[in-house]
Amino acid sequence: MRQIIVIGGGPAGMMAAITAARKGAAVTLLEQKEKLGKKLLTTGNGRCNMTNISAHLEEGYSEEKQNFLKGCFEQFDAQDTISFFESMGMMTKKRENLIYPVTDQAATVLDFLMMELRRQKVKVKCREKVTALEKTKKGWLVKTEGWQYEADSVIMAGGSKAAIQKEDTAAYPLAEKLKLEIKKPLPALVPLKCKDKVCSALAGLRSQVKLKLLIDGKNVQTEEGELQWAEYGISGIVVFQISSKAARALDEKKKVEIEVDLYPFKEKQQIAKFLHHTAVSDPQKTAEEVMMGIFPKKLASFLAHEMGWKEKADQYTENQWEEAVKKWNHLKLLINGTKPFEQAQICSGGVALFEIDEKTLECRQHRGLYIAGELLDVDGMCGGYNLQWAWTSGYICGTYAAKGK
Numbered sequence: 074m075r076q077i078i079v080i081g082g083g084p085a086g087m088m089a090a091i092t093a094a095r096k097g098a099a100v101t102l103l104e105q106k107e108k109l110g111k112k113l114l115t116t117g118n119g120r121c122n123m124t125n126i127s128a129h130l131e132e133g134y135s136e137e138k139q140n141f142l143k144g145c146f147e148q149f150d151a152q153d154t155i156s157f158f159e160s161m162g163m164m165t166k167k168r169e170n171l172i173y174p175v176t177d178q179a180a181t182v183l184d185f186l187m188m189e190l191r192r193q194k195v196k197v198k199c200r201e202k203v204t205a206l207e208k209t210k211k212g213w214l215v216k217t218e219g220w221q222y223e224a225d226s227v228i229m230a231g232g233s234k235a236a237i238q239k240e241d242t243a244a245y246p247l248a249e250k251l252k253l254e255i256k257k258p259l260p261a262l263v264p265l266k267c268k269d270k271v272c273s274a275l276a277g278l279r280s281q282v283k284l285k286l287l288i289d290g291k292n293v294q295t296e297e298g299e300l301q302w303a304e305y306g307i308s309g310i311v312v313f314q315i316s317s318k319a320a321r322a323l324d325e326k327k328k329v330e331i332e333v334d335l336y337p338f339k340e341k342q343q344i345a346k347f348l349h350h351t352a353v354s355d356p357q358k359t360a361e362e363v364m365m366g367i368f369p370k371k372l373a374s375f376l377a378h379e380m381g382w383k384e385k386a387d388q389y390t391e392n393q394w395e396e397a398v399k400k401w402n403h404l405k406l407l408i409n410g411t412k413p414f415e416q417a418q419i420c421s422g423g424v425a426l427f428e429i430d431e432k433t434l435e436c437r438q439h440r441g442l443y444i445a446g447e448l449l450d451v452d453g454m455c456g457g458y459n460l461q462w463a464w465t466s467g468y469i470c471g472t473y474a475a476k477g478k
């Protein structure tokens, strides 16, 4: 019976351990924290968006990685994830393309994973921090702070620096000791910082917008959704979706701007005509009061003040309203940073994909070593993509580690 050590008790590690055990291996799962799956409990605001059933799952990740990921998802995709959990007795439900446990609780997902670990007789060792990996003639020696374990194969699923406390460490040092190339980890799915006065003026407000991410003046990504204004800058899913590229560009000392379209719902000329018509129909209204017909009061007040429009609204021509609308739809924010790793849902960066076999996820330099989950340089958008990568990579690593091929 092959002896498998899995390092890391997150979603990828638990999936790898279960898969390897189901395929006949004797599996020990090592987790440095006191419990498994702590980060899993916070996903989807505690509801756990498990996966995404989009027709082209790989499109939820950066373009340069899509071919690599497509091959992985051909081995284990969103439907396989649903079947995996339902086979254990856990029902799921769908909201558009998003899949959740029917209970809407991440704890349910964790409970079923832990039940299956017990059923498959996986040995779980918590508070076991791995300090070194050594290749031996027979396989691997895994050293922890208090013990050492022999294994035929090792699966590294130690996660990333995202959403962990400062005293915690991810598995990057182990990978570095093995001479694996690591793309610098940066916060992703994270709020962005901006010193523009509009952010502090609108702090606490939520508004539906269209965002363009401009890097050195070039539009590299466009997203639409709810923006949350804050004293420090901007947040919300629409911001998270562009944050990975923004963080990488900032690290490369490039100019990063966000262009905000404050009212993306209608043609700009239609908006101007509507506002001008409202103004002349009720000459007693101020410009701020007219704008309250399409914007929250806080935003309308800010825009009126910024334009210096203090007169009654009917004093302004339709052309003036058109010029105002153009400004509202091209509001530029200069981004000067991201929130720290502790506030990031995931990381971009990690062990470079050229270091691993695209079919088996086995390390090319070190046979018998497999890498899964966030430790690899894979990060997806919001919407279940990152958990699906955990399930997929865990399954692949568990499968091939158990085979020994």
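When we follow our numbering, the leftmost residue of the sequence shown carries the number 74, and every step to the right adds one.
Glycine included, each C-beta is placed from N, C-alpha and C at the ideal position.
Quantities reported herein were computed from a predicted structural model and do not represent experimental measurements.
Of the listed residues the options, nearest to residue i (C-alpha basis)
i	options	result
MET454	SER466, PRO258, VAL329 and PHE313	PHE313
ILE78	PRO84, LEU102, ILE91 and VAL203	LEU102
PHE185	MET163, LYS167 and ALA274	MET163
ASP225	LEU214, LEU109, ALA94 and GLY232	LEU214
CYS272	ALA90, GLN301 and VAL293	GLN301
THR359	LEU434, ASN402 and SER374	SER374
CYS267	LYS346, ILE344, TYR305 and LEU247	TYR305
GLU379	GLN461, CYS436, ALA319 and LYS270	LYS270
LYS106	GLU325, GLY83, ARG95 and GLU396	GLY83
LYS208	GLY471, ALA445, CYS436 and ALA425	CYS436
ALA425	VAL311, PHE141, ASP150 and LYS96	PHE141
GLU447	GLU137, SER233 and GLY467	SER233
PHE338	PHE427, LYS166, THR124 and VAL398	VAL398
ALA85	GLY133, LYS256 and VAL182	VAL182
VAL195	GLY422, ALA99 and GLU340	ALA99
TRP401	GLU428, ALA248, PHE427 and MET364	MET364
THR116	ILE469, GLN461, TYR473 and GLY467	GLN461
MET87	LEU113, LEU275, MET74 and GLY133	LEU113
ALA276	ALA303, GLN294 and LYS252	ALA303
LEU404	TRP394, PHE368, LYS285 and VAL227	LYS285
ALA345	GLU104, GLY133 and GLY366	GLY366
DSSP state of residue i mapped onto helix, strand, coil
i	result
TYR222	strand
ASN459	helix
TYR336	coil
LYS412	coil
GLU107	coil
GLN438	coil
VAL424	strand
ALA99	strand
TYR487	What is shown of the chain runs 74 to 478, which leaves residue 487 out entirely.
CYS121	coil
GLU169	coil
GLN152	helix
GLU240	Low confidence applies here, because GLU240 scores a pLDDT of 47, under 50, leaving its location unreliable; read the following figure in that light. Three-state DSSP puts GLU240 in coil, outside helix and strand.
ALA373	helix
LYS400	helix
PRO84	helix
VAL227	strand
LYS112	coil
ILE484	Residue 484 lies beyond the range of the chain shown here (74 to 478); nothing can be said about it.
Where residue i falls, given that 16 or more other Cβ within 10 Å makes a residue buried
i	result
ASP450	buried
LYS291	exposed
GLU131	buried
MET188	exposed
GLN152	exposed
LEU407	exposed
ARG279	exposed
PHE157	buried
GLN342	exposed
ARG321	buried
PHE149	buried
CYS199	exposed
SER361	Looking at the sequence provided, one finds Glu at residue 361 rather than Ser. GLU361 comes out buried.
GLU428	buried
ASN459	buried
ALA248	buried
GLU325	exposed
ALA89	buried
THR295	exposed
GLU137	exposed
SER160	exposed
Any non-hydrogen atom of the ligand SAH closer than 8 Å to residue i Cβ
i	result
GLU107	Absence of the ligand SAH is noted for the structure shown, with no ligands found whatsoever.
ask   = Given 8 Å as the limit, is there contact between the segment 245 to 264 and the segment 410 to 422, that is, 3 or more CB pairs closer than that?
value = The segment 245 to 264, when compared against the segment 410 to 422, does touch it at the 8 Å Cβ threshold.
query = Would the segment 470 to 477 and the segment 430 to 446 be scored as touching if the rule is three or more Cβ pairs under 8 Å?
reply = Yes, the segment 470 to 477 is in contact with the segment 430 to 446.
key: Validate contact between the segment 348 to 357 and the segment 326 to 336 using beta carbons, cut 8 Å, 3 pairs   = Proximity of the segment 348 to 357 to the segment 326 to 336 falls short of the contact definition, fewer than three beta-carbon pairs being nearer than 8 Å.
ask   = Can at least three beta-carbon pairs, one atom from the segment 203 to 218 and one from the segment 119 to 135, be found at a separation below 8 Å?
value = Taking a cut-off of 8 Å on C-beta distances, the segment 203 to 218 does not touch the segment 119 to 135, as fewer than three cross pairs fall below it.
task = Starting from the N-terminal side, write out each stretch of the alpha helix (DSSP H) that is 4 residues or longer and does not extend beyond the segment 274 to 351.
result = Fully enclosed alpha helix (DSSP H) runs of no fewer than 4 residues occupy 310 to 324 of the segment 274 to 351, in order along the chain.
ask   = Would you call the segment 106 to 122 and the segment 177 to 184 touching, i.e. three or more CB-CB distances under 8 Å?
value = Contact between the segment 106 to 122 and the segment 177 to 184 is present, because at least three Cβ pairs lie under 8 Å.
ask   = Quick check: the segment 280 to 297 against the segment 380 to 388, are there 3 or more CB pairs under 8 Å?
value = Judged by Cβ distances under 8 Å, the segment 280 to 297 makes no contact with the segment 380 to 388, as fewer than three pairs qualify.
request  = Examine the Cβ distances between the segment 243 to 260 and the segment 415 to 429 and report whether three or more of them are shorter than 8 Å.
outcome  = The segment 243 to 260 is in contact with the segment 415 to 429.
task = Tell me the start and end of each unbroken beta strand (DSSP E) in the segment 248 to 277 that is at least 3 residues and wholly inside, in chain order.
result = Runs of the beta strand (DSSP E) spanning 3 or more residues and lying entirely within the segment 248 to 277 occur at 255 to 261 and 265 to 267, in chain order.
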